[in-house]
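Chains as they are written, first to last, in our numbering: chain B, 1 to 213; chain U, 214 to 426. Cβ atoms here follow ideal geometry from the backbone N, Cα and C, with glycine treated the same way.
This is the structure:
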């Protein structure tokens, strides 16, 4: 059965991006450190077309995270820099140059219409009619595979609040960001979670939950 | 070497007490659920003078938590209800009736002077000259045992911000409190944490960190 899944790195004080996000600091001040555990993994580096890296307990967690994903949904803030408004004549083509690491259909939530953009084997489709519509289209594209809600926090919180997420994994990193984007802002009290598993790994704790429907 | 330790249950959205704390709801709305994993443990119940309970993975975590503790520091809000001001002629004697479950010296941070109170084998000493003084007195009472910072969030955050804590354990419970007392409020950026261990247990994840000095 196809699932809607969230997997996201969070600081120990509950932020998934640091304060003062900008073009230079897309994840906010200190936010890059949220992914230190990830970018050193051999399997992540292979997935992103990079060499080297190590294998540790987190490798299996990451492999599980990316397995069986048929489509991703992201906010405009994950696709591009903080500037908003119409896309313009020479629109932003994503952070990832000509070979994005998705290799699957990506649906970008935005208030401004835009034609789809294909880069290598990833097609970005821009959805202007809300999270339900984006999910329906992502499900259609994913077939019997899962849909990954890629962030940022605002998009994840909207899907959590609407009761549309099936599984939620937090990668808890022992840093304090002290501000920025908070996971769970505006979510609840209807969201009921059940612990699936907890994994100790170097520099990170992986906490996975099922949403009880 | 004697350590200063914090062990506290937190909701998945980062609150250690729920909103609207009151005499009826000392832990705020929904806050009691933070301790569901704990109060069902045989070892906790024995410690509190109660019968029954179960043994599971959390039992060893709790046994480790209470082992080798020589003194506890708590805020007035953990000792008594939200009412503040002078203690009065017939002062509050704690939530725990005549046999408190501490069995060791307890130092209560308050702005109002009061004579020590002894109930069974627990003596509560009221400290009005701040967290450093309370810690010095607790260390003196604990000898070569550890000092436990018992909460609430405000007291823990003060000790974390002052760099006085050696170990911090979070018992992460998959509930959303959506408001209340936030751990880490006002703490950082100097606090550096290093993961010691992560334990999966029924309905809770135990995440333990060392403070890097």
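Sequence-distant residues of the same chain with beta carbon closer than 6 Å to residue i, five excluded per side
{"i": "residue 180 of chain B", "result": "15, 17, 18, 19 and 28"}
{"i": "residue 388 of chain U", "result": "224 and 246"}
{"i": "residue 318 of chain U", "result": "284, 336 and 354"}
{"i": "residue 144 of chain B", "result": "2"}
{"i": "residue 268 of chain U", "result": "255"}
{"i": "residue 163 of chain U", "result": "The structure shown does not extend to residue 163 of chain U, since chain U is modelled only from 214 to 426, so the question has no answer here."}
{"i": "residue 178 of chain B", "result": "none"}
{"i": "residue 366 of chain U", "result": "229, 394 and 396"}
DSSP three-state assignment for residue i, whether helix, strand or coil
{"i": "residue 146 of chain B", "result": "strand"}
{"i": "residue 349 of chain U", "result": "helix"}
{"i": "residue 388 of chain U", "result": "coil"}
{"i": "residue 284 of chain U", "result": "strand"}
{"i": "residue 165 of chain B", "result": "coil"}
{"i": "residue 272 of chain U", "result": "helix"}
{"i": "residue 54 of chain B", "result": "strand"}
{"i": "residue 79 of chain B", "result": "helix"}
{"i": "residue 98 of chain B", "result": "coil"}
{"i": "residue 394 of chain U", "result": "strand"}
{"i": "residue 344 of chain U", "result": "helix"}
{"i": "residue 279 of chain U", "result": "helix"}
{"i": "residue 156 of chain B", "result": "helix"}
Spatial neighbours of residue i in its chain, beta-carbon cut-off 7 Å, leaving aside the 5 residues before and after
{"i": "residue 3 of chain B", "result": "146, 166 and 167"}
{"i": "residue 197 of chain B", "result": "208"}
{"i": "residue 399 of chain U", "result": "370 and 374"}
{"i": "residue 261 of chain U", "result": "314"}
{"i": "residue 407 of chain U", "result": "422, 423 and 425"}
{"i": "residue 363 of chain U", "result": "285, 286, 287 and 291"}
Spatial neighbours of residue i in its chain, beta-carbon cut-off 8 Å, leaving aside the 5 residues before and after
{"i": "residue 57 of chain B", "result": "199, 200, 201 and 202"}
{"i": "residue 93 of chain B", "result": "117 and 119"}
{"i": "residue 85 of chain B", "result": "112"}
{"i": "residue 226 of chain U", "result": "389, 390 and 391"}
Cβ of residue i within 8 Å of any chain D Cβ
{"i": "residue 372 of chain U", "result": "The structure shown contains no chain D; its protein chains are B and U."}
>> I'd like the ranges of any beta strand (DSSP E) spanning at least 3 consecutive residues and lying wholly in the stretch 228–260 of chain U.
In response: Counting only runs of 3 or more, we get 228–230.
>> I'd like to know if the stretch 344–352 of chain U and the stretch 283–303 of chain U are in contact, where contact means that at least 3 CB-CB pairs between them fall below 8 Å.
In response: Segments in contact, yes.
> Along the stretch 380–400 of chain U, what residues have a CB closer than 7 Å to any CB found in chain B?
Replying inline: The residues in question are 385, 387, 389, 391, 397 and 400.
> Would you say the stretch 119–129 of chain B touches the stretch 35–43 of chain B, given that touching needs at least three Cβ pairs under 8 Å?
Replying inline: Inter-segment contact for the stretch 119–129 of chain B and the stretch 35–43 of chain B is absent: fewer than three beta-carbon pairs are separated by less than 8 Å.
> Taking three-plus beta-carbon pairs below 8 Å as touching, is the stretch 169–176 of chain B in contact with the stretch 188–205 of chain B?
Replying inline: With a cut-off of 8 Å on Cβ pairs, the stretch 169–176 of chain B is in contact with the stretch 188–205 of chain B, counting three or more such pairs.
> Is the stretch 107–121 of chain B in contact with the stretch 79–94 of chain B, if contact means three or more CB pairs nearer than 8 Å?
Replying inline: With a cut-off of 8 Å, the stretch 79–94 of chain B and the stretch 107–121 of chain B count as touching, because enough Cβ pairs lie within range.
> In chain order, which continuous runs of the beta strand (DSSP E) of length 3 or greater are located wholly inside the stretch 397–424 of chain U?
Replying inline: Fully contained in the stretch 397–424 of chain U are the following beta strand (DSSP E) runs of length 3 or more, in chain order: 406–414 and 417–424.
> Of the residues that make up the stretch 216–248 of chain U, which ones have a beta carbon closer than 7 Å to any beta carbon in chain B?
Replying inline: Hits within the stretch, in order: 225, 226 and 227.
> Within the chosen definition, does the stretch 52–67 of chain B reach the stretch 89–104 of chain B through at least 3 CB pairs nearer than 8 Å?
Replying inline: Cβ pair count under 8 Å is below three, so no.
> Quick one, which residues of the stretch 409–425 of chain U are near chain B if we go by CB-CB under 9 Å, in chain order?
Replying inline: Here the close residues are 410, 411, 412, 413, 414, 415, 416, 417, 418, 419, 420 and 422.
> Closer than 9 Å, Cβ to any Cβ of chain B: which residues of the stretch 312–343 of chain U, in chain order?
Replying inline: When C-beta distances to chain B are compared with 9 Å, every residue of the stretch 312–343 of chain U stays at or above that value.
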